[in-house]
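Reviewing the structure listed below.
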Amino acid sequence: MIGGSLALALRKANACDRIIGYGRSPASLQRALELGVIDEFRTDAASAAADADVVVLASPLATTEPLLRQIRDALGEQAIITDVGSAKGCIVAAAHRALNPGQLRNLVPGHPIAGKEKSGVDHANPDLFVDHLTILTPVPETDPGQLRRVRQLWEVVGARVVEMDVDTHDAVLAATSHLPHMLAYALVDCLARMQESAEIFKYAAGGFADFTRIASSNPEMWHDICLANRDNLIVMLDRFRGRLEEIRAAILHNDGPLLLEIFTRAKQARDDFIDRFPGRNYGPE
Numbered sequence: 162m163i164g165g166s167l168a169l170a171l172r173k174a175n176a177c178d179r180i181i182g183y184g185r186s187p188a189s190l191q192r193a194l195e196l197g198v199i200d201e202f203r204t205d206a207a208s209a210a211a212d213a214d215v216v217v218l219a220s221p222l223a224t225t226e227p228l229l230r231q232i233r234d235a236l237g238e239q240a241i242i243t244d245v246g247s248a249k250g251c252i253v254a255a256a257h258r259a260l261n262p263g264q265l266r267n268l269v270p271g272h273p274i275a276g277k278e279k280s281g282v283d284h285a286n287p288d289l290f291v292d293h294l295t296i297l298t299p300v301p302e303t304d305p306g307q308l309r310r311v312r313q314l315w316e317v318v319g320a321r322v323v324e325m326d327v328d329t330h331d332a333v334l335a336a337t338s339h340l341p342h343m344l345a346y347a348l349v350d351c352l353a354r355m356q357e358s359a360e361i362f363k364y365a366a367g368g369f370a371d372f373t374r375i376a377s378s379n380p381e382m383w384h385d386i387c388l389a390n391r392d393n394l395i396v397m398l399d400r401f402r403g404r405l406e407e408i409r410a411a412i413l414h415n416d417g418p419l420l421l422e423i424f425t426r427a428k429q430a431r432d433d434f435i436d437r438f439p440g441r442n443y444g445p446e
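Numbered according to our numbering, the sequence shown spans residues 162 to 446.
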């Protein structure tokens, strides 16, 4: 969905001449062709990358290193390699293992902070990135000119681009994206495994739907993200578990003042966050 959305957005902006698709599913590639997302597709990764000015990896994180090894010898000398993955440390490590040293100058890891809980090319949207952040995490070897070109690529589709080091990105996203997904998955799984689940879900209202929307996200993608950003995510899960234990203890001991203190502090923090960034697009991630 992210890769398809970027292709449609670049096409809408008249920012590219030809888009070649590659993927694991011939049916999905054919569908992308029918929808006008791509101009053609190849069933061999090296062939797809051979004539490319820019290669965008928009696949599960675990496929990064195998894909880079497949395309390494087919890439042009100036071909840019970028991606849309939600964890960057694993991308950078895979690139250092898989690419030739001279190709690292063309590596510009990226992460658009935009998306939907639905996956697949049928959900691609050319306006997905408008007013959303895209984070670029260049490595020490990244050529400034190649970084500038990738920045322009995202700006032309409406994104607001910032740069960040890899470690900071993975720590921040563990807190703001990866942890919330774990909470949504855990809550829905908890309720679904209860004997009364059918009756419980029957009475779920808008708040439940809002909070758990991201539990409809692609399981394979989130499996990879969890393992790729394991250390940062464990830190955040432990911190959250501590806050849950605090709330549980307050409820158990009828500590109303503590509950009120926690809820008031959280409300104020969220209100301040929204007020601080009034123009930010808070659409689906």
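Think of the CB as a built atom: it goes at the ideal place given N, C-alpha and C, for glycine as much as any other residue.
Would you mind giving the Cβ-Cβ distance between residue i and residue j, rounded to the nearest angstrom? I have them listed as a contact below 8 Å.
{"i": "Leu218", "j": "Leu228", "result": "6 Å"}
Thinking just about the alpha-carbon of each residue, which of the options is nearest to the one in residue i?
{"i": "Ser377", "options": "Leu388, Leu398, Tyr346 and Arg404", "result": "Tyr346"}
{"i": "Arg404", "options": "Ala427, Ala168 and Gly250", "result": "Ala427"}
{"i": "Pro301", "options": "Asp326, Ala193, Glu316 and Lys279", "result": "Asp326"}
{"i": "Leu265", "options": "Gln239, Ala248 and Asp283", "result": "Gln239"}
{"i": "Pro287", "options": "Gln307, Thr303 and Gly197", "result": "Gly197"}
{"i": "Asp283", "options": "Ala188, Leu294 and Gly271", "result": "Ala188"}
{"i": "Gly478", "options": "Ala359, Asn175, Pro270 and Glu195", "result": "This structure cannot speak to residue 478, because the chain is shown only from 162 to 446."}
{"i": "Ala193", "options": "Ala176, Leu169, Asn175 and Ala174", "result": "Leu169"}
{"i": "Asp214", "options": "Arg185, Gly263 and Arg310", "result": "Arg310"}
{"i": "Thr298", "options": "Gly165, Ala248, Asp371 and Gly276", "result": "Ala248"}
{"i": "Gly246", "options": "Pro270, Ala255 and Asn261", "result": "Pro270"}
{"i": "His339", "options": "His384, Asp212, Ala359 and Cys351", "result": "His384"}
{"i": "Ala223", "options": "Met382, Leu420 and Asp436", "result": "Met382"}
What are the boundary residues of the alpha helix (DSSP H) that includes residue i?
{"i": "His272", "result": "Here His272 belongs to no alpha helix (DSSP H); instead the beta strand (DSSP E) covers Gly271 to Pro273."}
{"i": "Val311", "result": "Pro305 to Val317"}
{"i": "Gly349", "result": "The question names Gly, yet the displayed sequence has Val at residue 349. Segment Leu340 to Ala353, the alpha helix (DSSP H) holding Val349."}
{"i": "Asp385", "result": "Pro380 to Ala389"}
{"i": "Pro227", "result": "Thr225 to Ile232"}
{"i": "Leu420", "result": "Gly417 to Arg437"}
{"i": "Cys251", "result": "Gly250 to Ala259"}
{"i": "Ile375", "result": "Where Ile375 is concerned, there is no enclosing alpha helix (DSSP H), given that its DSSP letter is neither H nor E."}
{"i": "Phe137", "result": "Nothing can be reported for residue 137: it is not among the residues displayed for the chain, which extend from 162 to 446."}
{"i": "Ser166", "result": "Ile163 to Lys173"}
Looking at the strands, I want to know which residues DSSP matches up with residue i.
{"i": "Arg203", "result": "Tyr183"}
{"i": "Glu324", "result": "Leu297"}
{"i": "Leu218", "result": "Asp244"}
{"i": "Leu268", "result": "Ile242"}
Spatial neighbours of residue i within its chain, please: C-beta separation below 7 Å, excluding the five flanking residues on both sides.
{"i": "Ala259", "result": "Glu226, Leu229, Arg230 and Arg233"}
{"i": "Arg179", "result": "Asp200"}
{"i": "Asn379", "result": "Ser280"}
What does a CB cutoff of less than 6 Å around residue i pick up in its chain, not counting 5 residues either side in sequence?
{"i": "Thr337", "result": "none"}
{"i": "Ile274", "result": "His293 and Leu294"}
So, at 8 Å on beta carbons, what are the nonlocal neighbours of residue i in its own chain, with the 5 sequence-adjacent residues on each side left out?
{"i": "Ala207", "result": "Gln231, Ile232, Asp234 and Ala235"}
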